[in-house]
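Keeping their order, the protein sequence lines are chains A, B and C. Those letters in the first sequence? Residues 2 to 113, by the working numbering. Those letters in the second sequence? Residues 2 to 113, by the working numbering. Those letters in the third sequence? Residues 2 to 113, by the working numbering.
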Amino acid sequence: MLGRSGIREGLCLVNAMHITASVFINDDEKGLHSDYKKWLEKLAPHEPVSQYLHNRTMEDNADAHMKRQLMGREVVVAVTEGALDFGPWEQIFYGEFDGRRKKRVLVKIIGD
Amino acid sequence: MLGRSGIREGLCLVNAMHITASVFINDDEKGLHSDYKKWLEKLAPHEPVSQYLHNRTMEDNADAHMKRQLMGREVVVAVTEGALDFGPWEQIFYGEFDGRRKKRVLVKIIGD
Amino acid sequence: MLGRSGIREGLCLVNAMHITASVFINDDEKGLHSDYKKWLEKLAPHEPVSQYLHNRTMEDNADAHMKRQLMGREVVVAVTEGALDFGPWEQIFYGEFDGRRKKRVLVKIIGD
Chain A
2 MLGRSGIREG
12 LCLVNAMHIT
22 ASVFINDDEK
32 GLHSDYKKWL
42 EKLAPHEPVS
52 QYLHNRTMED
62 NADAHMKRQL
72 MGREVVVAVT
82 EGALDFGPWE
92 QIFYGEFDGR
102 RKKRVLVKII
112 GD
Chain B
2 MLGRSGIREG
12 LCLVNAMHIT
22 ASVFINDDEK
32 GLHSDYKKWL
42 EKLAPHEPVS
52 QYLHNRTMED
62 NADAHMKRQL
72 MGREVVVAVT
82 EGALDFGPWE
92 QIFYGEFDGR
102 RKKRVLVKII
112 GD
Chain C
2 MLGRSGIREG
12 LCLVNAMHIT
22 ASVFINDDEK
32 GLHSDYKKWL
42 EKLAPHEPVS
52 QYLHNRTMED
62 NADAHMKRQL
72 MGREVVVAVT
82 EGALDFGPWE
92 QIFYGEFDGR
102 RKKRVLVKII
112 GD
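This is the structure we're talking about:
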């Protein structure tokens, strides 16, 4: 997509389009991703669902709205010489904390 | 403001100008916003104010600086065909965790 | 760097290049920075290192990956009339939660 844009120097925004999901940058290591899941459950537990007012609206995913705030909605990455300008271990991930949504991500690239 | 800018394709930055406040994107649902408030108080409690060194500087709002980090300072939203390119439930909110500041938000739109 | 870029109106991205580090905006107050350190240790404790699967990969820094998510990877700051358009107390900081990496930050400025 970056190639097709023809942009050499600029910024690339990648964001989740769902409010119970996150786009974040971290390590591509399975153990770490399991650790995140367990850790987010500790900081924003799903159960008991009755602890959240939001869950009175025929939803039971209030915790997913919290988890997404902790992990963040979006990343902005520099584009340098036509490529994403990543540090050595940086990778972009999509995290879905509700699990019942279609996964949709927005990518916008601007620059010259 | 986006209309006045005349920008059709670009990025829109919206950020809190105060360091005890947040601009974030999530659901426009009152129950959820109450849930956030309660949840942030659990993760970064105001009391006892003596637990924070920052509160020795004639402030008692150290917790508000933590809450703002959890919710984030800013959002960057794509501008597509002259409109903010939101997912189905995305709305921008301003969260003030201190409550004693004037609410000021910066909006910057760049593109073509 | 902003001066050299010659950009008068635009956006400035500043991000950590390491996934156990953060670039964030908050107050330049030493007590607050100590408070952050203690608070992050409470929300994402280093010990016991065995609680994290990631630490089976010859690392013991899983907690640093969590702390970085709480504080955020990047900030995007408006550039207005050739200067960073900050609120009254806004300052950019680099937070390193592992402590064994070289500190490298990426700065990208786009605009006119």
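For every residue, glycine included, the Cβ atom is placed at its ideal position computed from N, Cα and C.
Below-8 Å beta-carbon distance, residue i vs any chain D residue
| i | result |
| --- | --- |
| residue 109 (chain A) | The structure shown has no chain D; the protein chains it does contain are A, B and C. |
Inter-residue Cα distance where the pair is residue i and residue j
| i | j | result |
| --- | --- | --- |
| residue 13 (chain C) | residue 10 (chain A) | 13 Å |
| residue 24 (chain B) | residue 30 (chain A) | 31 Å |
| residue 63 (chain B) | residue 6 (chain A) | 44 Å |
| residue 46 (chain A) | residue 28 (chain B) | 19 Å |
| residue 89 (chain C) | residue 59 (chain C) | 44 Å |
| residue 86 (chain A) | residue 48 (chain B) | 42 Å |
| residue 44 (chain C) | residue 69 (chain C) | 12 Å |
| residue 4 (chain B) | residue 15 (chain B) | 16 Å |
| residue 21 (chain C) | residue 21 (chain A) | 24 Å |
| residue 91 (chain A) | residue 81 (chain A) | 15 Å |
| residue 105 (chain B) | residue 105 (chain C) | 32 Å |
| residue 110 (chain B) | residue 94 (chain B) | 18 Å |
| residue 103 (chain B) | residue 38 (chain C) | 28 Å |
| residue 36 (chain A) | residue 2 (chain B) | 42 Å |
| residue 57 (chain A) | residue 57 (chain B) | 41 Å |
| residue 61 (chain A) | residue 61 (chain C) | 35 Å |
Cβ pair residue i, residue j closer than 8 Å
| i | j | result |
| --- | --- | --- |
| residue 33 (chain B) | residue 66 (chain A) | yes |
| residue 83 (chain C) | residue 73 (chain A) | no |
| residue 112 (chain A) | residue 8 (chain A) | yes |
Any C-beta of chain B under 8 Å from that of residue i
| i | result |
| --- | --- |
| residue 24 (chain A) | no |
| residue 85 (chain C) | no |
| residue 45 (chain A) | yes |
| residue 63 (chain A) | yes |
| residue 79 (chain C) | yes |
| residue 14 (chain A) | yes |
| residue 67 (chain C) | no |
| residue 73 (chain A) | yes |
| residue 97 (chain C) | no |
| residue 165 (chain A) | Nothing can be reported for residue 165 (chain A): it is not among the residues displayed for chain A, which extend from 2 to 113. |
| residue 9 (chain A) | no |
| residue 56 (chain C) | no |
Proximity winner among the options, relative to residue i (alpha-carbon distances)
| i | options | result |
| --- | --- | --- |
| residue 108 (chain A) | B:112, B:79 and B:92 | B:79 |
| residue 18 (chain B) | C:42, C:76 and C:104 | C:76 |
| residue 41 (chain A) | B:71, B:3 and B:61 | B:71 |
Minimum Cβ-Cβ distance from residue i to chain A less than 8 Å
| i | result |
| --- | --- |
| residue 5 (chain C) | no |
| residue 59 (chain C) | no |
| residue 82 (chain B) | no |
| residue 41 (chain C) | no |
| residue 112 (chain B) | yes |
Chain C contact for residue i (CB, 8 Å cutoff)
| i | result |
| --- | --- |
| residue 20 (chain B) | yes |
| residue 100 (chain A) | no |
| residue 92 (chain B) | no |
| residue 76 (chain A) | yes |
Closer than 7 Å: residue i CB and nearest the ligand MN heavy atom
| i | result |
| --- | --- |
| residue 53 (chain A) | No copy of the ligand MN appears in this structure; indeed no ligand is present at all. |
* Asked: Is there contact between the region 94-108 of chain C and the region 46-55 of chain A, where contact requires at least three CB pairs shorter than 8 Å?
  -> no
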